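In this text, residue positions in the sequence shown follow our numbering: the first is 152, and each later residue adds one.
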Amino acid sequence: MKTDVKLLKIIELLKKEYPEPKTALNFKNPFELFVATVLSAQTTDVLVNKVTENLFQKYNTIVDYVRVPLEELEKDISSINFYKTKAKNIRRSAEIIIEKHNSRVPMTMDELTKLPGVARKTANIILYNSFGINEGIAVDTHVKRLSNRLGLTKNSDPQKIELDLMAITPKEEWGIISHLLILHGRKVCQAKKPKHEQCIIRDICPSNDI
Ligand code: SF4
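Here is the structure:
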């Protein structure tokens, strides 16, 4: 089966399994998603949601992130790894968004990736989940692992994987494919012990006996 045909089948099957694919991060507006996504680097969405539950009650608007002393913001997110760097990036990004973007989270890859701590993965998540824009494909550890196991790429570099996936995925599915692979990676195709016998796409997976 050709890779692009196989991918369409994978999307079709995974959509049946996960009918509402979306980010697991909780947020009410684009800047809250921005904060949650920055916090989520190299930690779990569960922990981020626990921290943002209180954070988003205390910080109602983007201005609140620049009004408090940096030390206070650090303390408020201190249960998350790299909290000092993340606090600095969130605060500086808030300042830039207020000054240069009229307090609105920018809607382009170019503008988003100019903000501190924002690479393509974060920008893709924000663009799709806040604005419904399919600009690229967010490649996290699950997307990377499943793309390799499913034979959709031979690369290990996330940017190269993203390009490989974009070449074979219809543009309107770019945001969804990332969520589908993440959901399947968490539930079934786990890193250490993939549950092949429970897997809805095992018949078209070349790694179904690893
Ligand atoms: S068959 Fe196994 S390796 Fe392939 S996607 Fe399913 S769980 Fe992952």
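Cβ coordinates follow ideal geometry from the N, Cα and C atoms, glycine included. None of these values were measured; they are calculated from a predicted model.
Is it buried or exposed, ILE361, if we count other Cβ atoms within 10 angstroms and call 16 or more buried? With a threshold of 16 other beta carbon atoms within 10 Å, ILE361 falls short and is exposed.
What residue range is occupied by the uninterrupted alpha helix (DSSP H) comprising PHE182? Secondary structure note for PHE182: its alpha helix (DSSP H) is the uninterrupted segment 181-190.
Start-to-end residues for the alpha helix (DSSP H) that takes in ARG296: Its alpha helix (DSSP H) spans residues 292-300.
For review: beta carbons within less than 7 Å of any heavy atom in the ligand SF4: Those satisfying the condition are, in chain order, LEU297, ARG300, LEU301, HIS335, VAL339, CYS340, PRO345, LYS346, HIS347, CYS350, ILE352, ARG353, CYS356, SER358, ASN359 and ILE361.
Using a Cβ-Cβ cutoff of less than 7 Å, which residues in the same chain neighbour ILE225 once the five nearest sequence positions on both sides are dropped? Here residue 225 is Glu; the residue named in the question, Ile, does not match the sequence. Within the same chain, and ignoring the five residues on either side of GLU225 in sequence, the residues whose Cβ sits closer than 7 Å to its Cβ are TYR234, LYS235 and ALA238.
For ARG242 versus VAL202, is the C-beta distance shorter than 9 Å? No, the Cβ-Cβ distance between ARG242 and VAL202 is not below 9 Å.
Taking the straight line between their C-alpha atoms, what separation do you get for GLU183 and ALA270? Taking the straight line from one Cα to the other gives about 17 Å.
Roughly how far, in whole angstroms, is the beta-carbon of ILE213 from the beta-carbon of SER254, given that I think they are within contact range, below 8 Å? Contact flag correct, Cβ pair sits at about 6 Å.
Rounded separation between LEU266 and LEU278 - CA only: LEU266 and LEU278: Cα-Cα distance of roughly 14 Å.
In this structure, does DSSP put PRO357 in helix, strand or coil? Correct three-state label for PRO357: coil.
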